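For what it's worth, my numbering labels the leading residue of the sequence shown as -12, then goes sequentially.
Just so you know, even glycine gets a beta-carbon here, dropped at the ideal spot from N, CA and C.
A quick note: this is a predicted structure, and the numbers were derived from the prediction, not measured.
Step one of this worksheet: look at the structure below.
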Amino acid sequence: MFDLSAYTKPTHPVPSRHPSVTPMTPAQAKSTAAALLQSGLSNALANMLDFLATCDVCISTHLNVAGRTARKYLKQRILDRFPYTTPDLQEIFDTYGLPYPPEERLAIYTLGPVGIHLAKMRLGYQPSALFLALPLEQVMRRLALNEVILRLANKAVESGWVSYWVGSQRAALQKDGKPFFVPDAMLRLRKETQERVYLLAYQDTERPQHTVNIIRTHEAAAYSRLWYEQWEVDTFPPVVLIYRKSIVGRWYADSLQNTSGTQVAFYGRSLENALKPVPDWYNFHTKAKENIFPW
């Protein structure tokens, strides 16, 4: 769980060309991580590890380390960088409506093999190591969701709430020692004795069956009651859905219009609207707009 109050304003590092990296076996990565951990991690490095273990991928403007430091972490295999050029990223960021500083070079980062072991040693769970193998379109889905979460967290801080971002691996419900339900992300907001918990889900595919699958998996998680002890909540959290195409929202509305007795509340907005400072989210059950966050 990453305390977003510890996430300071990014320094907008400017990545240079990708430094050469040395291939590592899993055993080498593990021993290198153990040596680094034994020598002591700086607060900045520990914070970066926790952040990337939570969000999986981030752009250079969210990494929050200087360019020289980023290049050092790349050489140490603490970080890995995706092989995309700035023009490629600017074009697809424009397609998604995601912001970027046009005067700077862009890069996408994830944890490298050493960083993954460091994060596992610190946090007790294995961060995802799959993102470097994914096509850019799938990576963009996570970046889009991350952008929405960061904006919600900033609004929470402005309203006096402490926000905690729980990544998919950490938030996964376990059954018989195996993941039973893995949400895209969880956001926990706390203020004095109050707590609000939300599940976030992102859909980029224009397939009605994918919509049905997302509804069914969340319903199955709710009926399992595993969340009661593992998430330490009294009611199943509302699901906040983000999607790129408006037709996806209509599919959710159609699929949920006859779901009486459900334990899950589904709300949604398009990605374009989710990036705007508008408080209302669409309730797919009542077909009305509601302010579901405490601000």
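Taking 8 Å as the cut-off, the Cβ atoms of Y189 and M173 do not count as close. Taking a C-beta distance under 8 Å as the contact criterion, A16 and H104 qualify as a contact pair.
In the structure shown, S150 falls within a strand segment according to DSSP collapsed to helix, strand and coil. The beta carbon of K107 is closer than 6 Å to those of Q113 in its chain, skipping five residues each way along the sequence. Taking the CA atoms as reference points, R237 sits about 11 Å from R256. In the three-state reduction of the DSSP assignment, V251 falls in the coil class, being assigned neither a helical nor a strand state.
With a cut-off of 8 Å on Cβ pairs, the stretch 72 to 82 is not in contact with the stretch 27 to 40, counting fewer than three such pairs.
Around the C-beta of A275, fewer than 16 other C-beta atoms lie within 10 Å, and the residue is accordingly described as exposed. Just measuring C-alpha positions, the residue of T192, S146, W152, H272 sitting nearest M127 is T192. Burial check for P10: the Cβ neighbour count within 10 Å stays below 16, so the residue is exposed. Among the bridge pairs identified by DSSP, R109 is matched with none. Assigned with DSSP and collapsed to three states, I79 falls in helix. In this structure, DSSP gives I65 a state outside helix and strand, which the three-state scheme calls coil. Ranked by Cα distance from E90, the first of T48, M(-12), P264, S242 is T48. Taken through DSSP and simplified to helix, strand or coil, E277 comes out as strand. Look at the beta carbons and you see the stretch 137 to 153 touching the stretch 263 to 282: at least three pairs across the two are nearer than 8 Å. Taking the CA atoms as reference points, D171 sits about 27 Å from Y60. Taking C-beta separations shorter than 7 Å and ignoring five residues to either side along the sequence, the partners of H197 in its chain run Q190, following chain order. If one requires a minimum length of 4 residues, the alpha helix (DSSP H) runs lying completely within the stretch 152 to 214 are 155 to 158, 195 to 211, in chain order. As a beta-bridge residue in DSSP terms, C45 pairs with Y96.
A check of alpha carbon separations from R183 across P224, V153, I202, E206 identifies P224 as the nearest.
When DSSP states are grouped into helix, strand and coil, N51 belongs to the coil group.
For D241, the uninterrupted alpha helix (DSSP H) segment begins and ends at 233 to 243.
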